[in-house]
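Novice: Have a look at this one.
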Amino acid sequence: MNANFNFDAIRPYRDEEVPAVVNAIADDPLFPIVVNYLYPNANIDEFRTILRNIRSVNEFQLKVMHRAIRTIIEKSSDGVTFDGFDNFDNNPHILIANHRDIMLDSAILDVLLVEHKKPTCQITFGSNLMKGDLVIHIGKINKMFRIVRGGNIKDFYKNSLEVSAYMRNVITQEKESVWIAQRNGRTKNGLDKTEIGVLKMFSMSSDKPFIENMNELSFAPVSISYEYEPCDFLKTAELYISRYQKYEKSENEDLNSILQGIQQPKGRIHVSLTKPITLEELKICDQYEKNNKLVRLAEIIDQRIYNGYKLYPNNYIAHDLLIGENQFENFYTKGEKQNFIEYMTSGLDSLPIKGEKNELAQLFLQIYANPVKVASANCR
């Protein structure tokens, strides 16, 4: 099936393309702005020289991207903790993850993979984000491959089939792992749930029976948790507007979300790399009829992600504020509660939309409280 595609329209850059690409990045008029943000004291000409001498994708990731993401982490967070990297056996996996920040979810995972001396993964790159040569070049040299957003039903099917075939080719032939979100777009309401459509897309590129088809891709769920949800107030505004009308993204909204996600203080961050889905679990899924096989597989993936999610005081505070009780008061202090209330009030007051304040507050609190509800339900 892969023979029907050459993948040139969607694949990342290859090593032989790197010299031309790094020169294009170095010459881009926006390049000094990016460097000055990440490294205020850097000499632009020296940085350009380093960039122009890079000759491979791996070298770019180690010398440029790793340093850049580590700088973002240091500037905007209280550090990253992690667990489960002993589950990563260097075999290629579909790293199917919850999705909270457009760029940082996968970028932080790559940083941790490098620091654990593991290979980095290829990453999905929505066509809606591919705006401007600098963004496209940095994405594709960082092992990002394009997923087309939008289009009619016929185009959607063709694009989905091509991406499915490409990911299977990366896993089985290139022997590299792939990061992909468990759903189309970021989780807005704090409920991380795998979309069946994503799993259907994986299955499209093989005619093998269910167990063999899915086992070949080797799913390894990944869970990322932020103490302060990236773009939490923007997500609140989108949820509010969506209640009353179809939400239409403004021009450059996704790029603005990337910038806000980079700059916004995130508190503590935790990444959990969970155990891959086993053959035995796939056999259990195969006992169900048709699409219910994928429904059961999605439930197993969700459970892995829920179990890997780290709850912070903000989550427990939001839960108690939402229900008007002190059920989890042992998990936070009065000072932490007051700080969170002040953070919420200030952020909601700054939103450029006119909305009922209590309703906005409820939507905001749900973003933080819903992971606690899920964890509580799973403990019963």
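In this note's numbering, the protein residues as written are 903 to 1282.
Backbone N, C-alpha and C define an ideal beta-carbon position, used for all residues, glycine too.
Taking the CB atoms as reference points, tell me whether Ser-1159 and Cys-1187 lie closer together than 8 Å.
Specialist: no
Novice: Measure the Cβ-Cβ separation of Tyr-1142 and Ile-1269 and say whether it is below 8 Å.
Specialist: no
Novice: Pull up the DSSP beta-bridge partners for Leu-1175, would you.
Specialist: For Leu-1175, which the question treats as bridged, DSSP gives the partners Val-1124.
Novice: In the DSSP assignment, what residue or residues form a beta bridge with Val-1080?
Specialist: Ile-996 and Gln-1024
Novice: Just to confirm before moving on: does the CB-CB distance between Asn-1091 and Tyr-1208 stay below 8 Å?
Specialist: It is not a contact, given that the beta carbons lie outside the stated cut-off.
Novice: Secondary structure at Arg-1002, three-state DSSP: helix, strand or coil?
Specialist: coil
Novice: What is the DSSP secondary structure of Met-1046, reduced to helix, strand or coil?
Specialist: strand
Novice: Determine the contact status of Lys-1045 and Thr-1022, defining contact as a CB-CB distance below 8 Å.
Specialist: Contact: yes.
Novice: Using 8 Å as the Cβ pair cut-off and three pairs as the minimum, do the region 1160 to 1178 and the region 969 to 984 touch?
Specialist: yes
Novice: Please identify the residue among Tyr-1218, Tyr-1245 and Phe-907 whose C-alpha is closest to the C-alpha of Asn-1232.
Specialist: Tyr-1218
Novice: So, is Pro-1123 buried or exposed, given that buried needs 16 or more other C-beta atoms within 10 angstroms?
Specialist: buried
Novice: Quick check on DSSP: helix, strand or coil for Asp-929?
Specialist: helix
Novice: DSSP state of Asp-1251, grouped into three classes?
Specialist: helix
Novice: Quick one: what's got a C-beta closer than 7 Å to Tyr-1234's C-beta in the same chain, skipping five residues either side?
Specialist: Answer for Tyr-1234: Pro-1215, Tyr-1218 and Ile-1219, listed in chain order.
Novice: Counting only the same chain and skipping the five closest in sequence on each side, list residues whose C-beta sits under 8 Å from that of Ala-865.
Specialist: No answer is possible for residue 865: the residues shown for the chain start at 903 and end at 1282.
Novice: How would you write the range of the beta strand (DSSP E) that Asp-985 sits in, first residue to last?
Specialist: 982 to 985
Novice: Jot down the residue ranges of each uninterrupted alpha helix (DSSP H) in the region 1234 to 1280, minimum 4 residues, whole runs only, in chain order.
Specialist: 1236 to 1251
Novice: Are the region 999 to 1018 and the region 1078 to 1094 touching by the rule of at least three beta carbon pairs closer than 8 Å?
Specialist: yes
Novice: Cys-1187 by DSSP, collapsed to three states: which one?
Specialist: helix
Novice: Would you tell me roughly how many angstroms separate the C-alpha atoms of Ser-958 and Ile-1243, rounded to the nearest one?
Specialist: 48 Å
Novice: Within 8 Å (strictly less), CB to CB, does Lys-1212 reach chain B?
Specialist: You won't find chain B in this structure, because it holds only one protein chain.
Novice: Within 10 Å of its beta-carbon, does Asn-1061 have 16 or more other beta-carbons around it, so buried, or fewer, so exposed?
Specialist: Residue environment analysis places Asn-1061 among the buried positions, since at least 16 neighbouring C-beta atoms fall within 10 angstroms of its C-beta.
Novice: Taking the straight line between their C-alpha atoms, what separation do you get for Met-1069 and Asn-1115?
Specialist: Rounded to whole angstroms, Met-1069 to Asn-1115 spans 13 Å at the Cα level.
Novice: Since Phe-962 is in the alpha helix (DSSP H), which residue starts that stretch and which ends it?
Specialist: 959 to 962
Novice: Looking only at its own chain, which residues have a Cβ that is under 6 Å from the Cβ of Asp-1012, when we skip the five neighbours before and after it?
Specialist: Thr-1022
Novice: Give me, in chain order, the residues of the same chain whose beta-carbon lies closer than 8 Å to that of Ile-1010; leave out the 5 immediate sequence neighbours on both sides.
Specialist: Ile-971, Ile-975, Val-982, Ile-1126, Ile-1171 and Val-1173
Novice: What number of angstroms, rounded off, separates the C-alpha of Met-1246 from the C-alpha of Gln-1229?
Specialist: 20 Å
Novice: Per the contact definition of three or more C-beta pairs closer than 8 Å, is the region 1185 to 1200 in contact with the region 1147 to 1158?
Specialist: no
Novice: Take Ala-1271 and list the residues in its own chain whose beta-carbon comes closer than 6 Å to its own, dropping the five residues that flank it on each side.
Specialist: Ala-1220, His-1221 and Leu-1224
Novice: Quick one: is Gly-1163 buried, meaning 16 or more other Cβ sit within 10 Å of its Cβ, or exposed?
Specialist: buried
Novice: Look up Ser-1105 in the DSSP assignment and say whether it is helix, strand or coil.
Specialist: helix
Novice: Near Phe-990, which residues of its chain fall below 6 Å by C-beta distance, leaving aside the five closest residues on each side in sequence?
Specialist: Lys-1020 and Leu-1175
Novice: What is the DSSP secondary structure of Glu-1150, counted as helix, strand or coil?
Specialist: coil
Novice: Exposed or buried, which one is Ala-911 when buried takes at least 16 other CB atoms within 10 Å?
Specialist: exposed
Novice: Under the assumption that Phe-1047 contacts Thr-1026 (Cβ atoms under 8 Å), give the Cβ distance between them as a whole number of angstroms.
Specialist: 7 Å
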